[in-house]
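In this note's numbering, the protein residues as written are 660 to 926.
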Amino acid sequence: MELVRAAELPFLSLSSLFARSFEGYFVPVPDAPQAFDARVRSEHISLMESRVARVSGESAGLVLMARRGRVSRVAGMGIIPSHRGQGLGGAMLRPLMEEARARGDARMVLEVIEQNTPAVKLYERLGFRKTRRLVGFTGTPAPESGALEEVDLGECAKLLPDGLPWQLDAATVRGLSLPARAFRCGPACAVVTDVSAPSLGLRSLGVEPSSRGQGAGRRLLRALAAAHPGKTVVVSAIIPEGLCERFFLGAGFAQSPLTQFEMVLDF
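Structure representation (structure tokens):
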């Protein structure tokens with residue numbers, strides 16, 4: 660096996676390889692170049708630091724690496740079905756761990772689906788430790804008309820607290836672009852991934868500090884439901900457990916069956 664920089668491959672080939680590497684995964688990963696490009700930009704994925712694994716000259720998998728400051732993140736690691744079970748995962752990631760350590764990174768983080776037991780065990784063998792569980796929710800809020808106003812994504816990003824997982828972090832939200840859009844209803848602001856999709860993907864929700872605990876967030880959800888009748892609202896499993904259960908369950912949502920672990924390797 661050899662590792663080559665992802666930047667050496669055509670972008671469309673990377674998008675296709677990313678989809679093939681997650682074939683049969685817990686969550687469908689389509690070959691969607693625009694969505695792949697949005698992910699790379701918003702999550703600060705470096706194609707120079709990312710690697711493609713080749714076996715006998717053919718692409719067998721890839722590791723997407725993101726960087727912010729002195730923190731690296733495994734933004735996605737997958738292997739195409741025909742090469743799974745051959746020990747490629749550890750062989751792909753160990754060199755990137757050494758590179759991060761050599762350049763002075765403080766830590767490396769990742770998220771892994773909790774039900775993906777082989778992947779969890781692999782990361783534990785490599786020295787990663789579980790730091791928190793991440794959960795998601797699904798629901799159809801009762802519609803209620805409200806003064807819904809489209810605003811800049813930064814309006815929502817500035818309402819987010821510190822210490823959130825990478826995909827929820829304010830830096831990620833600020834890096835999103837169309838079709839992601841932000842909407843405000845009074846003191847609450849939310850980011851929706853694509854209003855034209857069959858369901859509404861709720862990427863972020865924040866409320867001004869002085870108005871928290873007064874129902875502003877739920878009023879925003881009801882206003883979104885009124886603006887997009889009949890659509891289910893889906894929150895991916897990227898929210899720290901214990902942070903928002905009361906809010907979403909009280910709004911009639913159900914917790915999603917899939918959960919994730921956030922894991923950290925300190926250097």
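Every residue gets a Cβ at the ideal spot worked out from N, C-alpha and C, and that includes glycine.
Considering only residues of the segment 819–873, which uninterrupted beta strand (DSSP E) runs meet the minimum length of 3 residues and lie entirely inside it, listed in chain order? Along the segment 819–873, the beta strand (DSSP E) occurs as fully enclosed runs of 3 or more residues at 840–844, 847–851, 859–866, listed in sequence order.
Pairwise C-alpha distance: Ser680 and Pro687: 11 Å
Let me check one thing: in DSSP terms, what residues is Phe920 bridge-paired to? Beta-bridge analysis with DSSP links Phe920 to Val771, Arg792.
Segment limits, beta strand (DSSP E) that includes Met707: Start and end: 704–714.
Own chain, CB closer than 6 Å to Phe907, minus 5 neighbours either side, in chain order: Phe796
Inter-residue Cα distance where the pair is Phe912 and Ala750: The straight-line gap from Cα to Cα measures roughly 41 Å.
With distances taken Cα to Cα, identify the nearest neighbour of Leu812 among Pro824, Ala849, Ser715. Ala849
Contact between the segment 788–808 and the segment 863–871 (3+ Cβ pairs under 8 Å): no
First and last residue of the beta strand (DSSP E) that includes Met751? First-last for Met751: 747–762, but that is the alpha helix (DSSP H), not the beta strand (DSSP E).
Counting beta carbon pairs with one atom in the segment 695–708 and one in the segment 661–670, are three or more of them shorter than 8 Å? yes
Touch check for the segment 814–832 and the segment 872–888: three-plus C-beta pairs under 8 Å? no
Express the C-alpha separation of Leu676 and Pro740 in angstroms, rounding to a whole number. 11 Å
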